[in-house]
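Residue numbers (UniProt numbering): 1 to 304. The block underneath contains the structure these notes are about, expressed in structure tokens.
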């Protein structure tokens with residue numbers, strides 16, 4: 001019987017460790033990565049644990065070999081057109097600012113944190129909540145509310161001041177038209193968001209109307225006409241509002257038509273032209289606004 005020296009046994013162990021490691025990696029299922037790193041990992045495992053390492057490696061191999069690869073979708077190209085044209089069902093938001101009410105009721109967040117969060121959701125409801133919070137008995141809540149309102153007012157005032165300065169420096173008619181449009185938009189936001197007091201609303205709307213009229217004299221786009229329609233509708237000038245809204249609807253793209261429809265439908269409703277209201281809401285495919293979604297369902301009987 002041949003005798004092996006310790007050196008021979010070590011060399012034999014290294015050789016077997018290498019062979020077994022390579023064999024295991026090669027025989028692994030295709031979905032497992034074959035790399036030098038994996039070979040070295042198995043090799044070191046076998047090398048540092050003589051005999052037992054071989055057994056454990058084989059057991060691990062048998063276990064891994066039985067694992068099935070997850071069925072992944074493989075395609076040479078994605079059907080982007082089919083995906084984008086698919087009628088995606090969009091329901092009303094459940095994680096928007098309205099969720100704050102429930103969070104406050106369940107004591108998951110306090111009023112101070114709620115106001116801080118509302119500062120990132122600027123809309124008429126959050127502004128109204130901030131105004132109400134100004135009368136709170138809690139000093140911190142009043143401070144948070146005041147900070148939200150004053151920050152928003154300052155941002156709008158700074159933009160208005162900047163645009164008025166810019167308006168005086170330019171002679172380009174088209175640029176002037178868009179500056180007037182932006183100014184009208186800012187004044188309209190003050191009314192829409194209810195940032196200003198009720199006593200100042202007539203003055204603010206007058207400013208918005210003045211700038212939108214100046215914009216229309218210099219240049220016309222569906223966006224400018226849409227804002228003009230909104231302002232006239234707010235002033236109860238339905239005839240003028242309808243004229244601008246119809247022009248924006250006829251000249252605008254599909255997205256613009258979706259924006260104009262609710263306002264045209266409102267005018268048609270006041271005119272008691274209910275067939276037109278139904279026809280207009282049938283144009284909207286997937287309304288994002290909860291109120292528009294409800295109106296579409298009411299008038300057409302269809303959600304989407």
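We put the CB at the ideal spot given by N, CA and C, even for glycine.
- When C-alpha distances from residue 218 are compared across 184, 174 and 48, the shortest belongs to 174.
- With 16 or more other CB atoms across the displayed protein chains lying within 10 angstroms of its CB, residue 225 is buried.
- In chain order, 249 place their CB closer than 6 Å to the CB of residue 257, counting only its own chain and leaving out the 5 sequence neighbours on each side.
- Shown here, residue 193 sits in coil according to DSSP, grouped into three states, outside any helix or strand.
- The beta carbon of residue 222 sits closer than 7 Å to those of 248, 251, 252 and 256, all from its chain and outside the five residues before and after it, given in chain order.
- Annotated three-state conformation of residue 163 is helix, per DSSP.
- The three-state secondary structure of residue 179, taken from DSSP, is helix.
- Rounded to the nearest whole angstrom, the C-alpha separation of residue 205 and residue 171 is 26 Å.
- Between residue 194 and the set 131, 269, 282 and 279, the nearest pair of CA atoms involves 131.
- In this structure, the straight-line span from the alpha carbon of residue 147 to that of residue 182 is close to 25 Å.
- Going by beta carbons, residue 149 and residue 122 fall outside the 8 Å limit.
- Rounded to whole angstroms, the Cβ separation of residue 274 and residue 238 is 16 Å, and the two are not in contact under 8 Å.
- The alpha-carbon separation between residue 160 and residue 186 amounts to approximately 7 Å.
- In the three-state reduction of the DSSP assignment, residue 206 falls in the helix class.
- According to the DSSP assignment, residue 135 belongs to no alpha helix (DSSP H), since it is labelled neither H nor E.
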